[in-house]
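Encoded structure:
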C-alpha cells in the first residue's frame, strides 16, 4: 500500500549510539559509587577483588561511552587490555610512586602488582560483555519482543499468535 509507514522498530544499541552513550554515562557514576561503597564497607579479598572487577567494568563503560557503536566483545577486550596494562605497569614502580602523592593515582593506577588481579579483571570484562550484549540483544527487533514478529506478520496472512 502506498503512503503506509513501515512498522516501528525499536533501536538496538548499534543503531542508536545516543541511547547507548546515555546508558554508559549513567553506568559510570553508578560503578564508581559501587566501588567506593565496597571499599567503605568491605575488607579483605571481597574489597580487593570486587574492586578489581568493578575497575574493569568501569573501563568497559568508558569505552562504550567513548565509542557506543563498538561491539560488546571489542569493548570487553579493550577494557581487559587496559586493566592488564595498568596492572603490569605496577611492576615498574611508577604507579607506586605516583600513588604516594595522590589518592586519585592510587585509585586509578594501584601500587603493587598482584597476579590474582588479572583473573578478576577477566571477571569484570566478562560481566560487562554479558551486560552490553544482553542489552543489545534485548533491544534488537525480533528478539525479546513482538515487534519483529508483528512486522513480519503484517506482510503475511499466515501468522498465528498463541
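Numbering (this note's numbering), first residue to last: 321 to 482.
Cβ coordinates follow ideal geometry from the N, Cα and C atoms, glycine included.
Under 8 Å between C-beta atoms of residue i and residue j
i	j	result
residue 444	residue 375	yes
residue 379	residue 403	yes
residue 381	residue 348	yes
residue 350	residue 392	no
residue 359	residue 367	yes
Residue i: first and last residue of the uninterrupted alpha helix (DSSP H) it sits in
i	result
residue 372	364-386
residue 422	Per DSSP, residue 422 belongs to no alpha helix (DSSP H) and is neither H nor E.
residue 439	436-458
residue 408	392-409
Own chain, CB closer than 8 Å to residue i, minus 5 neighbours either side, in chain order
i	result
residue 338	388
Neighbourhood of residue i by C-beta, 6 Å cutoff - its chain only, sequence neighbours within 5 removed
i	result
residue 384	344 and 395
residue 509	For residue 509 there is no data in the structure shown, the boundaries of the chain being 321 and 482.
residue 411	433
Residue i at chain C interface by Cβ criterion, 8 Å
i	result
residue 348	In the displayed structure, chain C is absent; only one protein chain is listed.
*Quick check: the segment 428-438 against the segment 402-416, are there 3 or more CB pairs under 8 Å?*
Verdict: yes, contact present.
*Would you check if there are 3 or more beta carbon pairs closer than 8 Å linking the segment 359-374 to the segment 433-442?*
These segments touch.
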